[in-house]
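I have placed the structure first, in the form of structure tokens, so that the comments after it can refer back to it.
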Amino acid sequence: MNAPRTRVQRRPVHGVLLLDKPLGLSSNQALQKAKWLLRAEKAGHTGTLDPLATGVLPLCFGAATKFSQLHLDADKTYVATARLGVKTATADAEGEVIAERPVQVTPEDLARVEAQFTGPIRQVPPMHSALKKDGKALYEYAREGIEIERAPRDVVIHRLSITRTDETALRIVASVSKGTYIRTLGEDIGEALGCGAHLTSLRRTATGGFGEAQCVTLEALEAMAEEERLAQLLPAESLVDGHSRVMLGNEDAARFLSGLRRRGDWADAGEVAVFGIEPPAFLGTAHITANELIPGRLLNPIEIQQILLNAQQTEATP
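Residue numbers for the sequence shown, in the numbering used here: 17 to 334.
Take a look at the structure:
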């Protein structure tokens with residue numbers, strides 16, 4: 017007879033966990049595993065990594081989920097390997113081989129293609145993607161053998177390095193803007209070289225200001241005591257590290273949190289991070305127009321109290 021399953025007692029958890037996503041798990045599967053380990057009530061991630069891909073996956077918990085959308089726009093860096101001469105239906109190693117061609121690539125060809133794909137380019141999103149058409153993901157249509165017309169997208173390849181590792185393999189290092197599909201980039205590079213290609217591995221090494229050296233694996237997280245797991249969380253404001261800061265006194269902070277605009281000697285700014293002075297706490301984001309601080313995404317007083325209490329408990333833990 018099977019033993020009854022132990023029900024996990026959920027709790028408010030606030031912060032950002034930088035996860036090194038393992039091979040073979042979807043982003044949502046990795047998120048749910050981390051959420052279970054932290055016993056968190058609310059969680060989300062800041063952009064999908066395919067099951068084939070590994071690397072930096074920021075996971076947001078509690079109050080941090082309010083700011084996850086901001087990180088979707090962050091630039092990202094990937095390291096990929098591509099096999100030349102073989103094209104697949106999915107542009108990666110999981111797809112059916114649909115074409116094979118001989119490989120005749122010179123160092124001059126690599127330099128030409130590297131220059132061709134650096135800077136602003138246009139990409140046609142792959143059918144095997146989570147983009148939706150009439151409420152249905154493109155990969156669902158692809159599984160049914162249905163091809164949907166997709167409009168090209170403007171993306172930017174900030175930096176690109178293409179090196180040959182053997183006769184039929186490339187190493188691709190790319191720093192890219194939001195919305196860039198690395199599988200499509202690898203496939204397009206193969207076409208530009210005249211032989212076709214597909215990705216055999218893909219790793220995200222950085223997103224925004226977060227890098228792989230800061231990440232923790234699911235295995236390491238599972239081996240930790242509960243207090244150690246909580247100590248892995250970065251504060252919610254780490255998602256807005258690039259924003260200018262505005263500090264508010266107690267009265268202005270309380271009014272700001274209730275959604276009221278504040279006036280001050282501030283220069284116009286598209287987005288700023290707002291903090292209270294006493295106690296020192298992150299309040300949310302805003303923008304500034306004509307000396308007015310206009311609330312954007314805000315924490316609520318209960319979330320702020322929970323964050324401050326968690327910080328005190330963490331500091332008190334030996």
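Glycine is no exception: its CB is placed at the ideal position from the N, C-alpha and C atoms. No experiment lies behind these values; they were computed from the predicted model shown.
Alpha carbon to alpha carbon, what distance is there between alanine 289 and asparagine 307?
-> 15 Å
Closest Cα partner of aspartate 89 within the set Leu34, Val95, Val172 = Val172
Can you tell me the Cβ-Cβ gap for histidine 87 and proline 67, rounded? I've got them flagged as a contact below 8 Å.
-> Actually they do not touch by this definition, with Cβ atoms about 21 Å apart.
Neighbour-count burial assignment, glutamate 203, 16 or more Cβ in a 10 Å radius = Taking a 10 Å sphere around the C-beta of glutamate 203, we find 16 or more other C-beta atoms and assign the residue as buried.
Give the DSSP-derived three-state secondary structure of serine 198 in the structure shown.
-> It is worth fixing the name first, because residue 198 is isoleucine in this sequence and not serine. Correct three-state label for isoleucine 198: helix.
Leaving out five residues on either side along the sequence, give the residues of the same chain with a beta carbon under 7 Å from the beta carbon of glutamate 253.
-> Here the set comprises Ala289, Phe298.
Counted within 10 angstroms of its Cβ, other Cβ atoms place alanine 107 as buried (16 or more) or exposed = Residue environment for alanine 107: buried (at least 16 other C-beta atoms within 10 angstroms of its C-beta).
Check arginine 159 in the structure and name its three-state DSSP category.
-> helix
Could you spell out the range, first to last residue, of the beta strand (DSSP E) harbouring histidine 214?
-> 213–223
Quick one: is arginine 199 buried, meaning 16 or more other Cβ sit within 10 Å of its Cβ, or exposed?
-> With 16 or more Cβ atoms within 10 Å of its Cβ, arginine 199 is classed as buried.
Where DSSP assigns a beta bridge to glutamate 180, which residues make up the other side?
-> The question names glutamate, but residue 180 is arginine in the sequence shown. Its beta-bridge partners are Leu186.
Between the Cα of lysine 103 and those of Thr81, Arg219, Pro118, spot the shortest distance and give me the residue it belongs to.
-> Pro118
Take every Cβ of the stretch 27–34, pair it with every Cβ of the stretch 235–255, and state whether three or more of those distances are shorter than 8 Å.
-> Yes, the stretch 27–34 is in contact with the stretch 235–255.
Contacting residues, own chain, Cβ-Cβ under 7 Å from alanine 105 (five flanking each side not counted) | Gly111, Glu112, Ile114
Residue(s) in a DSSP beta bridge with proline 141 = Answer by DSSP bridge pairing: none, since proline 141 is not bridged.
Contact belief for alanine 185 with threonine 81 at Cβ below 8 Å, rounded distance in angstroms | That belief does not hold up - the Cβ atoms of alanine 185 and threonine 81 are roughly 39 Å apart, past 8 Å.
If you draw a straight line from the alpha carbon of aspartate 257 to that of glycine 195, how long is it in whole angstroms?
-> Distance between the alpha carbons of aspartate 257 and glycine 195 is about 21 Å.
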